[in-house]
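A.B. asks:
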Amino acid sequence: MSTPAVKIENLTKIFPLSLRKRYLVAVEQLSLTVGDGEVYGLIGPNGSGKSTTMKVVLGLMAPTKGTCRVFGNDSRDVVSRNQVGFLPENPYFYKYLTGAETLKFYGKLCGMKGPALKERVDELLEMVDLTGARDRRLGGYSKGMLQRIGLAQAVVQRPRLVVLDEPTAGVDPSGSRKIRDLVLQLKKDGTSVMLCSHLLEQVQEVCDRIGIIHQGRMVKEGSLKELIALEDQTEIVLKNGSEALIEKIRSLIREEQGAELVTLGHPRTTLERVFLEETRQDAPKPAKD
Amino acid sequence: MSDTTTSTAESAGKDASPVRPPLISPSRIWSLATVTFTQLLRMKVLYFMLIFGLIVAVIFNFNPSGQTVAQQLKSTKDVSFAVMNVFSMLFAIASTAILIPKDLEDRTLYTILSKPVPRLDYLLGRLMGVLMVVGACLIIMYAFLALVLFVQEQILVSAELSRLREQPQMDSETLLNMENDMRKQGLHWPLLYAPLAIFLKACVVAAVTLFLSTFASSTLFTIIVSAMLFLIGHFHKSTYEVLMEDTHANAVVALLGKLVVLAVPNFALFNVVDGIAAAEPVDPMLMGQLFLVTAVYTVLYLLVALIVFMDKEF
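So the protein sequences, as listed, match chains A and B.
Here the first sequence is numbered in numbering that gives the first Met the number 0, starting from 0 and rising by one per residue.
Here the second sequence is numbered in numbering that gives the first Met the number 0, starting from 0 and rising by one per residue.
#1: Taking 6 Å as the limit between beta carbons, can you name the residues of its chain near B/Y109, skipping five residues before and five after?
#2: Please report how far the alpha carbon of B/G12 lies from the alpha carbon of A/V154, in whole angstroms.
#3: Name, please, each residue of chain B whose Cβ falls closer than 9 Å to the Cβ of A/A61.
#4: Does the Cβ of B/R27 have 16 or more other Cβ atoms within 10 Å, making it buried, or fewer, making it exposed?
#5: Report the rounded CA-to-CA distance for A/K12 versus A/P62, giving the unit in angstroms.
#6: Give me the Cα-Cα distance between B/E159 and A/R136, rounded to the nearest whole angstrom.
#7: Taking the alpha helix (DSSP H) that A/K142 falls in, what are its first and last residues?
#8: Is it true that the stretch 203-218 of chain A meets the stretch 42-49 of chain A, where meeting means three or more beta-carbon pairs spaced less than 8 Å apart?
#9: Can you name the residues of chain D whose CB is closer than 8 Å to the CB of A/Q152?
#10: Check the Cβ-Cβ distances between A/C206 and every residue of chain B, and say whether any is below 8 Å.
#11: Just confirm the distance between the C-beta atoms of B/K183 and B/F266, as a whole number of angstroms; I'd bet it's less than 8 Å.
#12: Once the 5 residues before and after B/L137 are set aside, which same chain residues still bring their CB inside 7 Å of it?
#13: Output needed in chain order: residues of the stretch 109-135 of chain B with a Cβ under 9 Å from some Cβ in chain A.
#14: Starting from B/L174, follow the alpha helix (DSSP H) in both directions and report where the run begins and ends.
#15: Measure the alpha-carbon distance for A/N9 versus A/Q201 and round it to whole angstroms.
#16: Which runs of the beta strand (DSSP E) spanning at least 3 residues fall entirely within the stretch 56-142 of chain A, listed in chain order?
#17: By the 10 Å Cβ neighbour count, where 16 or more other Cβ atoms means buried, how is B/A8 classified, buried or exposed?
#18: Determine, for A/D77, whether the minimum Cβ-Cβ distance to residues of chain B falls below 8 Å.
#19: Ignoring anything shorter than 4 residues or poking outside the stretch 25-55 of chain B, list the alpha helix (DSSP H) runs there in chain order.
#20: Taking A/V26 as part of the beta strand (DSSP E), name the residues at either end of that continuous run.
#21: Taking Cβ positions only, does A/Y290 come closer than 8 Å to chain B?
#22: Just verifying my parser: in three-state terms, what is the DSSP assignment at B/I231?
#23: Out of A/Q152, A/A168, A/S222, A/V127, which one is the CA nearest neighbour of A/L181?
#24: In the DSSP assignment, what are the bridge partners of B/S161?
#25: Given a cut-off of 8 Å, decide if A/G106 and A/L116 are closer than it, judged by their beta-carbon atoms.
#26: Does the count of Cβ pairs from the stretch 216-229 of chain A and the stretch 18-35 of chain A closer than 8 Å reach three?
#27: Can you tell me which of the three DSSP states B/K257 falls into?
#28: Buried or exposed: which applies to B/M127, given that a residue is buried once 16 or more other Cβ atoms fall within 10 Å of its Cβ?
#29: With burial defined as no fewer than 16 other Cβ atoms inside 10 Å of the residue's Cβ, what is the status of A/K292: buried or exposed?
#30: Looking at A/M193: is its Cβ nearer than 8 Å to the Cβ of A/L160?
#31: Nearest chain A C-beta to B/R182 closer than 8 Å, yes or no?
#32: Checking 8 Å against the spacing of the C-beta atoms, do B/F313 and A/L150 come in under that value?
#33: What residues from chain A crowd round B/Q30, counting only those whose CB sits closer than 7 Å?
#34: Would a C-beta distance cut-off of 8 Å place B/L119 and B/I23 closer than the cut-off?
#35: To the nearest angstrom, how far is the alpha carbon of A/T66 from that of A/I7?
#36: Need the endpoints of the alpha helix (DSSP H) that B/S212 sits in, please.
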């Protein structure tokens, strides 16, 4: 069995609030495991302890109690960061650097250099669709572009674990979709991902397992299937079903003891899907009067 | 979306054991230093050079009656070195004070420290970047001063010699001595010791500021306290003498005073620029001592900064 990407055991993080011995317990007895190659979603309301947990994983904070290991290494040890990439929420990179310079800088911090680094920078810019903006300073990047360059820097050294904090915060649906596709690509490549997001739909789309954290404690955890399946309900989607057929189904349901028809109607697409469909570059233009 | 991440995890080598990054990596420190250098340059700090140029140009054209050629040349050096000193200290304090809080505010610090970057490398890289900017500024300012001083020397000395030659009682030996006296205040290699001494002082000031910024709650606090320590450091000797001689002083006050004397660098040691500007001979041993003092203070303050920064949580 491979070493888990992240293994947190009984993590407690307490912040002193003042000199009068008042404390804030940000995270309490939290345990979670992100398997190697797994996409794990950590969701919870604001102030629930998500960011604190992430910072402990990244070694930016030390646990008050408990342990946190990244691929078997203590998260406080700099060696654990060899295999980790991080994209913070609303990142502001050095705005005076160009996209290519930014990736080069982060690559060098990871010990990369020479032609290998140059090749990697070109590869990443292509991956995040920013080749055309490679020589533009980040000060002139849009929010979505910044998030994408942020994601590119997070994976510059080909980490085995990528930690993403609200990766699509403030990004339009199209940019959001691009980032989601990148996360799916990472998943396909076998990279472990720890994702914190308020966008539950997005978490649902990409995560293998999800943990719900509230007031510093893990309140529910499991695979997506386990969490969202309504075991006592069955969904049937019909295409071109006549009124008569639907009526037959209704009567069959009425005949079944204990069975109940919960909803009946036309399935709806998501607003996101409609928006993306309508704003596609190759979408037909609306007719003019 | 391209398929270029395919090799992401595989290339990393899933079974590859993590390599411990060296405690100090020159290439990583250099990357951080060059980014700091670029950051400060693109913040247009070199516009300050224009002010320096303007001040030197004003002195060049300022010729109060009664001043000899030697006095005029010395004035150019005095004012230029004073401005270089003030600018360097301002650069060293302001740019160092701004870096860590800005990185924290913009969350760039998160992305840097979440890479395999030991915190010592981060501090060293930032400090080195600031010192590269200060060094570059000093080189530019000194080059400008050297040019102005050279031109001023040629114009003033030639004019003065022409005037003296017209005097009937002037013999060639006296003329030569007078020319040597005037040229002594002109451009000479030992003048280079002045920007060097200013740079060494800036190294210590930047190290002190870096230490303060590791725990300060605001940039303003860091700037004010650094400036205060800089001023106190100039009265190091007199403070020490007063404390040693005043046996009736309150014990707590005396202890606090001694602590301040111990903790604050003695910036008065670096006050060699006036002598250099006055064309006094410079003892290379003194410069060697200054290097040593700078190294000791810088390393000490970096160590204390590292102790604070190592345990800092973000």
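Backbone N, C-alpha and C fix where the C-beta goes; we use that ideal spot for every residue, glycine too.
None of the values given here were measured: they were computed from a predicted structure.
C.D. replies: Taking the geometry as given:
#1: Working through the second sequence from its first residue, we reach residue 109 of chain B at position 110. Excluding sequence neighbours, B/Y109 sits near nothing in its chain.
#2: Position 13 of the second sequence, counted from the first residue, corresponds to residue 12 of chain B. Position 155 of the first sequence, counted from the first residue, corresponds to residue 154 of chain A. Note that B/G12 scores 42 on pLDDT, short of 50, meaning its location in the model is unreliable; the coordinates nonetheless yield the value given after this. If you draw a straight line from the Cα of B/G12 to the Cα of A/V154, it is about 14 Å long.
#3: Taking the first residue of the first sequence as 1, we reach residue 61 of chain A at position 62. Ordered by position in chain B, the residues that pass the 9 Å Cβ test against A/A61 are D310, E312.
#4: Start at 1 with the first residue of the second sequence, and residue 27 of chain B comes out as number 28. By the neighbour-count rule (16 or more Cβ atoms within 10 Å), B/R27 is buried.
#5: As a first step, residue 12 of chain A is located in the first sequence; it is residue number 13 there, counting from the start. As a first step, residue 62 of chain A is located in the first sequence; it is residue number 63 there, counting from the start. Taken atom to atom, the span from the alpha-carbon of A/K12 to that of A/P62 is near 5 Å.
#6: The count along the second sequence starts at 1 and reaches residue 159 of chain B at position 160. The count along the first sequence starts at 1 and reaches residue 136 of chain A at position 137. Straight across, the Cα-Cα distance linking B/E159 with A/R136 is about 55 Å.
#7: Along the first sequence, read from residue 1 onward, the residue named residue 142 of chain A stands at position 143. The continuous alpha helix (DSSP H) containing A/K142 extends over residues 142-153.
#8: Flag = yes, the stretch 203-218 of chain A and the stretch 42-49 of chain A touch.
#9: Of the protein chains in the structure, A and B, none is chain D.
#10: Numbered from its first residue, the first sequence carries residue 206 of chain A at position 207. No, no contact with chain B.
#11: Here residue 183 of chain B corresponds to residue number 184 of the second sequence, with the count starting at 1. Here residue 266 of chain B corresponds to residue number 267 of the second sequence, with the count starting at 1. The C-beta distance from B/K183 to B/F266 rounds to 28 Å, too long to fall under 8 Å, and the pair is not in contact.
#12: Taking the first residue of the second sequence as position 1, residue 137 of chain B is located at position 138. The answer, listed in chain order, is M83, S87, P194, I197, F198.
#13: Against chain A - using a Cβ distance shorter than 9 Å - the residues of the stretch 109-135 of chain B are Y109, T110, I111, L112, S113, K114, P115, V116, P117, R118, D120.
#14: Here residue 174 of chain B is taken as the residue at index 175 of the second sequence, counted from 1. Counting along the chain, the alpha helix (DSSP H) containing B/L174 begins and ends at 171-183.
#15: If you number the first sequence from 1, residue 9 of chain A lands on position 10. If you number the first sequence from 1, residue 201 of chain A lands on position 202. The alpha-carbon of A/N9 is positioned some 28 Å away from that of A/Q201.
#16: Along the length of the stretch 56-142 of chain A, whole beta strand (DSSP E) runs at least 3 residues long occupy 64-69, 83-86, reported in chain order.
#17: Looking up residue 8 of chain B in the second sequence gives position 9. The predicted model places B/A8 with a pLDDT of 41, which falls under 50 and marks its position as unreliable; any figure quoted below should be read in that light. Taking all protein chains in view, the Cβ of B/A8 is crowded by 16 or more other Cβ atoms within 10 Å, so the residue is classified as buried.
#18: Here residue 77 of chain A is taken as the residue at index 78 of the first sequence, counted from 1. The question names Asp, yet the displayed sequence has Val at residue 77 of chain A. With 8 Å as the cut-off, A/V77 counts as an interface residue toward chain B.
#19: DSSP assignment within the stretch 25-55 of chain B yields the following whole alpha helix (DSSP H) runs of 4 residues or more, N-terminal first: 25-41.
#20: Against the first sequence, residue 26 of chain A aligns to sequence position 27. Residue range 22-33 is occupied by the beta strand (DSSP E) that includes A/V26.
#21: Residue 290 of chain A cannot be examined here, being either before or after the span of chain A that is shown, 0 to 288.
#22: For the purposes of this step, residue 231 of chain B is taken as residue 232 along the second sequence, with counting starting at 1. If DSSP states are grouped into helix, strand and coil, B/I231 belongs with the helices.
#23: Locating residue 181 of chain A in the first sequence gives position 182, where the first residue counts as 1. Answer by Cα proximity: A/V127.
#24: Reading the second sequence from its first residue, position 162 is the one you call residue 161 of chain B. DSSP lists no partner for B/S161.
#25: By 1-based counting over the first sequence, the position of residue 116 of chain A is 117. By 1-based counting over the first sequence, the position of residue 106 of chain A is 107. It is a contact, given that the beta carbons lie within the stated cut-off.
#26: A contact between stretches requires three or more CB pairs, one per stretch, nearer than 8 Å, and the stretch 216-229 of chain A meets this requirement with the stretch 18-35 of chain A.
#27: Indexing the second sequence from 1 puts residue 257 of chain B at position 258. In the structure shown, B/K257 sits in a helix (DSSP, three-state: H, G or I).
#28: Position 128 of the second sequence holds residue 127 of chain B. In summary, B/M127 is buried, with 16 or more beta-carbon neighbours lying within 10 Å of its beta-carbon over all protein chains present.
#29: A query on residue 292 of chain A cannot be resolved here, the shown segment of chain A reaching from 0 to 288 and no further.
#30: For this step, residue 193 of chain A is matched to residue 194 along the first sequence. For this step, residue 160 of chain A is matched to residue 161 along the first sequence. A contact, by the Cβ cut-off of 8 Å.
#31: Here residue 182 of chain B refers to the residue found at position 183 of the second sequence. Not an interface residue.
#32: If you number the second sequence from 1, residue 313 of chain B lands on position 314. If you number the first sequence from 1, residue 150 of chain A lands on position 151. Contact flag unset, no.
#33: Residue numbering aside, residue 30 of chain B sits at position 31 when the second sequence is read from its first letter. First, the residue type needs correcting, since residue 30 of chain B is Ser and not Gln in the sequence shown. Result: F104, K107, L108.
#34: Along the second sequence, one-based indexing puts residue 119 of chain B at 120. Along the second sequence, one-based indexing puts residue 23 of chain B at 24. Contact: yes.
#35: Translated into positions along the first sequence, residue 66 of chain A becomes position 67. Translated into positions along the first sequence, residue 7 of chain A becomes position 8. Whole-angstrom Cα-Cα distance: 6 Å.
#36: In the second sequence, counting from the first residue as 1, residue 212 of chain B sits at position 213. Element bounds for B/S212: 192-212.
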